[in-house]
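I have placed the structure first, in the form of structure tokens, so that the comments after it can refer back to it.
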Amino acid sequence: MQVLTVNLGDRSYPIYIGEQLLSQPELLCPHIRGRQVCVVTNETVAPLYLDKLCAALSDYQVDTVILPDGESHKTLQVWSSIFDTLLSSRHNRTTTLIALGGGVVGDMTGFAAATYQRGVDFIQIPTTLLSMVDSSVGGKTGVNHPLGKNMIGAFYQPRCVLADTSLLRTLPARELSAGIAEIVKYGLISDYDFFVWLENNMDDLLAGDMTALAYAVKRSCENKADVVAQDEHEGGLRAILNLGHTFGHAIETAQGYGNWLHGEAVAAGMVMAADLSCRRGAISNDELARVIHLLQRANLPVKAPSDMIPTQFMELMGVDKKVLDGRLRLVLLESMGKAIITSDIDAGMLQDTFDACKAD
Ligand SMILES: NC(=O)c1ccc[n+]([C@@H]2O[C@H](COP(=O)([O-])OP(=O)(O)OC[C@H]3O[C@@H](n4cnc5c(N)ncnc54)[C@H](O)[C@@H]3O)[C@@H](O)[C@H]2O)c1
Ligand SMILES: [Zn+2]
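Just so we're aligned, residue 449 is where the sequence shown starts under my numbering, counting upward by one.
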């Protein structure tokens, strides 16, 4: 097992990474203050792992909430059902909420912990690769509103994160690949050596090799924790974590949420960001080709949908027509392994990127 620390002063917390951690109560118990625990999970993960977790918590009053599965249920209404259980089972201010699931469960549980009795403890047990490398680190919690994704929420840090890589054995291959997109992102924005490691170890990751997965999770969490420690509330630097996301969100919105997985849209979006960076002379054609090749090997899309025209992209990215006027801020590459945030974007080059990155 490996242990990392997210350094946030008195809100610092450990991330435990390794195999079979779920059945090691000695990891969780020091982070549980009272006698009460509420495990929040969903209908897909519950039959796989809930019993195992509850067995590890046999010394506590354990209540469980099983949410419906899917991004479409990440709503205020479903979220408030967590409080029904907490209140009817008389959970007090020393209770601990444990999120057992992917990013949807983690975001909703964290936000419930942030608000129940004005804030109670919470622990993340991420069960998808994406939630292990991204959503469980950094303290962003929340739910969707019909008018926008993740529009209601809070910054709220967990007491600890338990990333048990053996839980990934049941994860569908497509979800595994979606998580790898965010892993490649860290290589591109802040860790060129890690990018090279991914080039050399992609086959092992896809095959579910536990040693490779644990290393990728650790290195990703280190990279994210480093950025978050410098800019917890996204005043500036933290925005580099959004490489590929402005393009990616446009794809997700245009295709309707759920048709493209988030990581898939981010993969195509990162290719667009890399393509534009290449046109600006920041990376070479060979380097751009390496980015595309690595994402392709991870079975991720590297082109935007064929029916998406540039004006639609611009609209969905919040920019009018062809006039940029410095209003579009993008995360681009300054070099392989280094990101910049810039609003100095050439409209002609952007147009060329849209043309070059569209599927036939
Ligand atoms: N808070 C943040 O900083 C942050 C960052 C990135 C993403 N997010 C959020 O995370 C969410 C996406 O998270 P996700 O990709 O984990 O999706 P998800 O939570 O929807 O999980 C994907 C699917 O995998 C299933 N699943 C989970 N673990 C499994 C396992 N071990 N075996 C088999 N199936 C399993 C889930 O039930 C679901 O059907 C989005 O809502 C996004 O907004 C938050
Ligand atoms: Zn993302």
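Just so it is clear, CB atoms sit at the ideal spot from N, CA and C, and this is done for glycine as well.
This one's a predicted model, so the numbers in the text were calculated from it and none came from an experiment.
- Item | Limits of the unbroken beta strand (DSSP E) element including residue 569 | 569-574
- Message: With distance defined between alpha-carbon atoms, name the residue in 701, 790, 712 nearest to residue 763.
- Response: 701
- N-terminal and C-terminal residue of the beta strand (DSSP E) that residue 462 is part of: 461-466
- Message: Following a CB-centred definition, is residue 519 positioned closer than 7 Å to any heavy atom of ligand 2?
- Response: no
- Give the C-beta separation of residue 624 and residue 739 to the nearest angstrom, bearing in mind that I take them to be a contact with Cβ-Cβ under 8 Å. Rounded, the Cβ-Cβ distance is 19 Å, inconsistent with contact.
- Item | Cβ shell of residue 491 (< 7 Å), same chain only, five flanking positions each side left out | 514, 516, 517
- Message: I'd like to know if the segment 586-599 and the segment 620-634 are in contact, where contact means that at least 3 CB-CB pairs between them fall below 8 Å.
- Response: no
- Item | Secondary structure of residue 782, DSSP reduced to three states | strand
- Using 7 Å as the cut-off, classify the Cβ of residue 454 as near or not near the heavy atoms of ligand 1, replying yes or no. no
- Task: Note the first and the last residue of the continuous alpha helix (DSSP H) segment covering residue 739.
- Result: 733-745
- Message: Alpha carbons only, please: which of 545, 793, 500, 592 is nearest the one belonging to residue 392?
- Response: Not covered by the structure: residue 392. The range shown for the chain is 449 to 808.
- Do three or more CB pairs link the segment 734-750 to the segment 709-720 at distances below 8 Å? yes
- Task: Throw me the rounded Cβ distance for the residue 487 and residue 553 pair, which I believe falls under 8 Å.
- Result: Not confirmed; about 10 Å, so no contact.
- Count the other CB atoms within 10 Å of the CB of residue 734; is the residue buried (16 or more) or exposed (fewer)? exposed
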